[in-house]
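The block underneath contains the structure these notes are about, expressed in structure tokens.
Residue numbers (this note's numbering), protein chains in the order written: chain A, 7 to 487; chain B, 62 to 155.
Structural data, given as structure tokens:
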């Protein structure tokens, strides 16, 4: 039995059945990390000692017959923009290279409370700005499926770590597709929950009105387990919502016969890799076979999603990243003689190119004389984009599309062309603008590379997209895919 | 088109600076992105309200109870410069 290939659920079950110990699970994953992470570079910081200590504690609990949590013994990777008490949290940036948070994010408290074991902090595009994990100050992460290709981003480290068996589950974060795109590129299940389902307390913000913590798993039920583990209202996040039921596992296997499924023509008619489109259309046929009622729909404002996203996200970024001033925490330039020089030199030396570009675009969009033409305009278009989805969900339960219009690209292929990189997010950003939920799951392979299927659901209807995903996954398994 | 001077001005607002060489490259890439987002101007948004937040604007209230926050030591732990239990800055006034 190869421990690192088990699902998270199997690990927990074998732990309860006393087939393996928590310590063995963690040791097997540490060994895996030692073997592969030199090539993959999924982690910025590892927490071996703490993880082993926690494993001992779980083994003790089991031995003493105490109850254990829903994530007990499962090794989990955490994106490095989620703060962890006394564990370095860098956001993939030089400016936070040595930042040691004095508190835990709400999601970290939840994981610890459910006996999950944090094995390390994963690599990411600097401040989550990127779609390839190439903008990290700590070097690129490689796609475990093909080391010459990117794992996607910005949560590329979290995706690569789960794919390579370095951890069983991981947390990422989403602002415009940063969980779904790497899930697509690494052949994983990645969920972007409804805005407000998961607390953002302790998640270093990029764009507050769009950000949401997301999860990765190697199959649908694992991802659902991770989501159940972190969902729920938090008094410390004023945008988190009181949701009754956050158990996403019990109803997973329910029949999807009669489920109403919309295919937005705008998402299928854009210029994309034909092989990706073909695989997704094959997946649509499977949903028909499963009893789904598939119809073409229209989301008329779809084409404005990306420019709207870039104005709103960068505006919030420029405001958020003003906190990095070299005074309270983080890097401070050595070269200054006035307060203004501390600010300017610290920020110019501490931030990378893409971060500066987005701060600049946001500053421009919010600056006097342009605020109405850019920022306010984008917020109005956002209303129209949201209305498209509101209308669609009156008639349909889920919406299907490709996650990314391309296959995983090669390292270096797009890094010099910001617009080409932004296009990776074409079909994911509108979901964040509307605050609804979506996931990406593997639906086929092209030349050994995975294709992601995006399943979009209405606000707080995570159960719909998960049921659909689970039914599709099981159908694939029964056909030997 | 955005000029190098415009970019310098925005940089000063954002407390950033660029070398001449960086400025050239930056102005170029920045222009491409700006041209792309210009696309929004073609949308008719007459009588459309902006969506700043997707959640219903409900302010959940709670009891105003005193709870333990972070200690001064914890708060100052990451400061690049500190003195007497405060963040330390260079002299602002002469």
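From the three backbone atoms N, C-alpha and C, an ideal C-beta is built for every residue, glycine too.
Annotation for residue 385 (chain A): the continuous alpha helix (DSSP H) segment containing it runs 383–401.
Under the Cβ distance rule, residue 27 (chain A) does not count among the residues neighbouring chain B, no pair being separated by less than 7 Å.
Cβ-Cβ distances below 7 Å link residue 253 (chain A) to 234 in the same chain, with the five nearest sequence neighbours on each side left out; the list follows chain order. Beta-bridge pairing by DSSP links residue 155 (chain A) to A:416.
Note on geometry: alpha-carbon atoms of residue 126 (chain B) and residue 56 (chain A) lie some 33 Å from one another. Interface flag for residue 115 (chain B) against chain A is set, since a Cβ pair is found closer than 7 Å. The contact set of residue 373 (chain A) on chain B, defined by CB atoms closer than 8 Å, consists of 71, 74 in chain order.
DSSP places residue 101 (chain A) within a helical segment (H, G or I) once states are collapsed to three.
One Cα belongs to residue 89 (chain A), the other to residue 106 (chain A), and the distance between them is close to 8 Å. In this structure the stretch 65–84 of chain B does not touch the stretch 180–193 of chain A; the number of beta carbon pairs closer than 8 Å is below three.
Annotation: Cβ neighbours of residue 123 (chain B) in chain A (cutoff 8 Å, chain order): 241. Taking residue 119 (chain A) as reference, the option from A:148, A:127, A:110 with the minimal CA-CA separation is A:110. Chain B places a beta carbon closer than 7 Å to that of residue 245 (chain A), counting this residue as a contact. Neighbours of residue 385 (chain A) in chain B, taken as residues at a C-beta separation under 8 Å, are given in chain order as 111, 112, 113.
Taking a 10 Å sphere around the C-beta of residue 11 (chain A), we find fewer than 16 other C-beta atoms and assign the residue as exposed. Here the alpha carbons of residue 108 (chain B) and residue 166 (chain A) stand approximately 46 Å from one another. For residue 268 (chain A), there is no enclosing alpha helix (DSSP H); the residue is found in the beta strand (DSSP E) stretching over 266–270. With fewer than 16 other Cβ atoms inside 10 Å of its own Cβ, residue 73 (chain B) counts as exposed. Nearest in C-alpha terms to residue 334 (chain A), of all of A:154, A:59, A:101, A:32, is A:101. Burial is judged here by how many other beta carbons sit within 10 angstroms of a residue's own beta carbon; residue 381 (chain A) has at least 16 and is buried. In this structure, DSSP gives residue 352 (chain A) a helical state, which the three-state scheme calls helix. Residues 202 of the same chain have their beta carbon placed closer than 6 Å to that of residue 245 (chain A), with the five preceding and five following residues left out of the count.
At least one beta carbon of chain B lies nearer than 7 Å to the beta carbon of residue 105 (chain A). In the three-state reduction of the DSSP assignment, residue 460 (chain A) falls in the strand class.
Spanning the alpha carbons of residue 60 (chain A) and residue 54 (chain A) requires a straight line of approximately 10 Å. DSSP places residue 226 (chain A) inside the alpha helix (DSSP H), whose first and last residues are 226–236. DSSP, reduced to helix, strand and coil, places residue 176 (chain A) within a strand of the structure shown. The Cβ of residue 69 (chain A) sits no closer than 7 Å to any Cβ of chain B. Per the Cβ contact rule, the stretch 127–136 of chain B is not in contact with the stretch 460–469 of chain A (fewer than 3 Cβ pairs under 8 Å).
Residue pairing of residue 211 (chain A) in beta bridges, as defined by DSSP: absent, with no partner found. Counting along the chain, the unbroken alpha helix (DSSP H) around residue 68 (chain B) starts and ends at 65–74.
Residue-level contact check: residue 310 (chain A) touches chain B, since one or more beta carbons of chain B fall below 7 Å from its beta carbon. The beta carbon of residue 484 (chain A) is closer than 6 Å to none in its chain, skipping five residues each way along the sequence. In the three-state scheme derived from DSSP, where H, G and I count as helix and E and B as strand, residue 198 (chain A) is classed as strand. In summary, residue 71 (chain A) is exposed, with fewer than 16 beta-carbon neighbours lying within 10 Å of its beta-carbon over all protein chains present.
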